[in-house]
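Contents: one structure, followed by commentary.
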Amino acid sequence: MLTDSKLTRRQILLGSGNIIAAGSLMALFPALEASAAAKPITVGFIYVGPRNDYGWNQAHAVGAKKIARLEGVKLIEQENVPETVEVEKVMEGMIRQDGAKVVFPTSFGYWPHILKLARNYPDVLFVHIGALWKEGDPKNTIGYRGYMEEPHYLCGVAAGHMTKTGKVGFIGSKPLYFIFNNLNGFILGARSVNPNITCQVVITGDWNNPVREAEVTNSLIDQGVDVMVANVDSAKVVIENSERRGIYSCGYHTDLSELAPKGFLTGAEWNWAAGAAFVKAWQTGGQYPNLLRGGFRQDMVAISPFGKVVPEDVRAKVLKIRQGFMDDTFKLYKGPLRDNEGNVILKDGQVIANDDNKFKLGVNFLVEGAIGKTGLKK
Amino acid sequence: MGAATDLGWWGVLIAVVGGAIRVSTPYLFVSLGETLTEKSGRVNLGLEGTLVMGAMSGYGISYVTGSPWLGVLVAGLTGTLLGLLHAAVCNLPRVNDIAVGIALFLFGTGLAFYLGKPLIEPVAPRLPHLPLGAWSDYPQIRVALEINALFIIGLILAPVLRWGLRNTKWGIMLRTVGDSSDAAKALGYSVNFVRIMGTMAGGFLAGVGGSFLSLYYPGSWNEALSSGQGLMAVTLVIFARWNPVYCFYTSLLFGGATALGPALQSVGITANYYLYGAAPYVLTLGLLISSSSTRHRLVGAPSELTISK
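Sequence order for the protein chains is A and B. For the first sequence, our numbering gives the first residue as 4, with consecutive numbering after it. For the second sequence, our numbering gives the first residue as -5, with consecutive numbering after it.
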């Protein structure tokens, strides 16, 4: 029986192209099914762009690789899937042909398509990165997302220590609440070091537009900015152009330190490998949340390794605040806080919890010190 | 970290001028290439695909060999091959060159994305630039005048091509074929051969223009690298009246239009950024409308250019 079960398991791994058949084999050995802690499971990752883009997609691919190391997990991936009906076809292909039981469609605009499919495939778990899940949505869907404003705050602290001109720059893609949160985190961090620091804000309007990003970078540097951070799909162009102009830069999404060996400070990173817990829960029939947001405390975000220009004392200060996020003793939004038009956002003594989703989702202002506008009509 | 001086509005002007020089080179090369092609009586709308293929192949060769100039050459040769393909297909009877161009546009970008997958991550050596602003104490001016050799080549090429089209035997042959294939045949020229040459030369220049995108500015390969520069350059040729020297001026204008939005945003004028972002496209539309006429043909338009072939 023992040898038999081992053989069966190998067969399952070999034949994982067709889990349905494997599943029927499993049915022949109920004892095995009970004894195997981690059932073989196929996990599908779908990316909106190329996997190695030094950006959003790469951050997910890094997470996918970590999830693939779990026992019994087989990873399948597909790149360049647009946010259209196309993603439904890709998901159905993964589910029906490859037998995927967990899919991670990793782009914001996939969500409506996930909702369409989730009801038809109740035995498949759909994990989305927008944290858009609300009561009434299918139970086999999950939304999760990290509080990227926390690592941005740390980037801001590093930037605040390193800037000589007192001007830092932030390039945003779209006028969305999480971009504003990241921007506010970055500015608050920089101004915690020196309250005279200002941050020039440029929203490009595109997730990905290399020529405009390069132009914005050069224009901002011409205006005296000497630390740059970019919230675009891939900050590669911004970081490379900043490095060429001899200024500092902070990364976004994933580890970009190798793009700027001289001027890289640190960067704000996602830790999408947190999705491993969902795969495990689905594999073993355990509990999982439908909606999960978290920062350093929940291990859902990280900072990149420090660049070699960052001195020891600055590193220590940054890491100390990170510890504060981890044990929830440090709060990002606290009064007195004004926006850059002079309106009072928080009164003295008012503190926003780091996991106050309602407040964070409603952020439509730029904090004091930001030069620029949200572009939103209020 | 150079001591940056606050230049305020002068900074905007310098950024626009610098941006015009930085951004215009791909426009310039593609439009020069398209001028040659159209002067022979063909339209090649596939130059957008050629541009992207040039960007990808140039970046790849520069990464593998470590020589960006070799990358530029290979980008040009890739463009030449695509030009040959376009010309060869269009030489078949009853083939519409616009349709073939669109097919090649899609083919070129698709192929470049497919082959370029492994090139997104590596960092290839870039083309050098000439520090023409070294005399200035302002870092802003120094950077605005960091001029890439390809821009200078384009600057020289434009009047040379204009002279060549007017005064050399090759230029006159090209224009004769483009204006009247019957006259060209009567003179004993091979119309198809001349058009193949014209389209290949156009492809070469467009490929070189693409290599500028990946090897100099913005200076890396990714799939959103070209935001339609290849297609806009084709429009630009019409506005420039098929005159290579005008191509140079209009390319600068388009480059400046692209740089305007970012420059304004960096001094805090952030309202309506979508509008600034659309500036080059609005300019394209405006130029086409203003230069169109129902009564007469455009001055300088090769008579053999037609969409109903």
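Cβ atoms here follow ideal geometry from the backbone N, Cα and C, with glycine treated the same way.
Each residue's CA atom was taken as its position, placing A:H164 and B:L144 some 40 Å apart. Taking a C-beta cut-off of 8 Å against chain A, the contacting residues of the stretch 247 to 261 of chain B are T252, A253, G255, P256, A257, Q259, S260, V261, listed in chain order. For the stretch 94 to 116 of chain B, the residues whose beta carbon sits under 7 Å from a beta carbon of chain A are, in order, K111, I114, E115. The beta carbon of B:E217 lies closer than 6 Å to those of F107 in the same chain, with the five residues before and after it left out.
From the beta-carbon of B:G13, the residues of chain A found nearer than 8 Å are E218, N221, S222. Any Cβ of chain A closer than 8 Å to the Cβ of B:S214 would place that residue at the interface, and such an atom is present. With a threshold of 8 Å between beta carbons, B:Y211 makes contact with chain A. Counting along the chain, the unbroken beta strand (DSSP E) around A:M231 starts and ends at 230 to 234.
Annotated three-state conformation of A:G52 is coil, per DSSP. The Cβ neighbour count for B:G13, taken over all protein chains shown within 10 Å, is at least 16; the residue is labelled buried. The Cβ of B:G271 sits closer than 8 Å to at least one Cβ of chain A.
Put simply, the backbone Cα of A:H116 is about 43 Å away from that of B:F198.
The closest CA to that of A:S237, considering only A:L223, A:V312, A:I324, A:V214, is found on A:V214. The Cβ of B:V66 sits no closer than 8 Å to any Cβ of chain A.
For A:D56, the C-beta contacts it makes with chain B under 9 Å involve I114, E115, N216, E217, in order along the chain. Using a Cβ distance threshold of 8 Å, A:L179 and A:T144 do not count as a contacting pair. Each residue's CA atom was taken as its position, placing A:P125 and A:G66 some 24 Å apart.
In this structure, B:S205 sits away from B:G5, with a CB-CB distance that is not shorter than 8 Å. Scanning A:G338, A:W210, A:D140 for the CA closest to the CA of A:R122 turns up A:D140.
DSSP places B:S208 within a helical segment (H, G or I) once states are collapsed to three.
At a beta-carbon threshold of 7 Å, the residues of chain A lying near B:G5 are D225, Q226, ordered along the chain. Here B:T288 is exposed: its Cβ has fewer than 16 other Cβ atoms, across all protein chains shown, within 10 Å. Shown here is that no member of the stretch 49 to 74 of chain B has a Cβ falling below 9 Å from a Cβ of chain A.
Per DSSP, B:I114 lies in no beta strand (DSSP E) segment and is marked neither H nor E.
The criterion of a C-beta distance shorter than 8 Å is not satisfied by A:C202 and A:V240. Within chain B, the residues N216 have their CB atoms less than 8 Å from the CB of A:S237, given in chain order. From the beta-carbon of A:Q301, no residue of chain B is found nearer than 7 Å; the closest lies around 30 Å away.
Apart from sequence neighbours up to five positions away, the residues of its chain that approach B:G294 with a beta-carbon distance below 7 Å are R235, W236, N237, ordered along the chain.
Within 10 angstroms of the beta-carbon of A:W136 lie 16 or more other beta-carbons, which makes it buried. Nearest CB-CB separation between B:Y267 and chain A: below the 8 Å threshold. Sixteen is the threshold: since fewer than 16 other Cβ atoms of the shown chains lie within 10 Å of the Cβ of B:G60, the residue is exposed. Around the beta-carbon of A:N346, fewer than 16 other beta-carbon atoms lie within 10 Å, marking it exposed. Of the candidates A:A71, A:E82, A:P43, the residue whose Cα lies closest to the Cα of A:R54 is A:E82. The alpha-carbon separation between A:F333 and A:R300 amounts to approximately 11 Å. Counting only Cβ-Cβ distances below 8 Å, B:I8 has contacts in chain A at D225, in chain order. When the five nearest sequence neighbours on each side are left out, the beta carbons in the same chain lying within less than 7 Å of the beta carbon of B:L151 are those of L26, in order along the chain.
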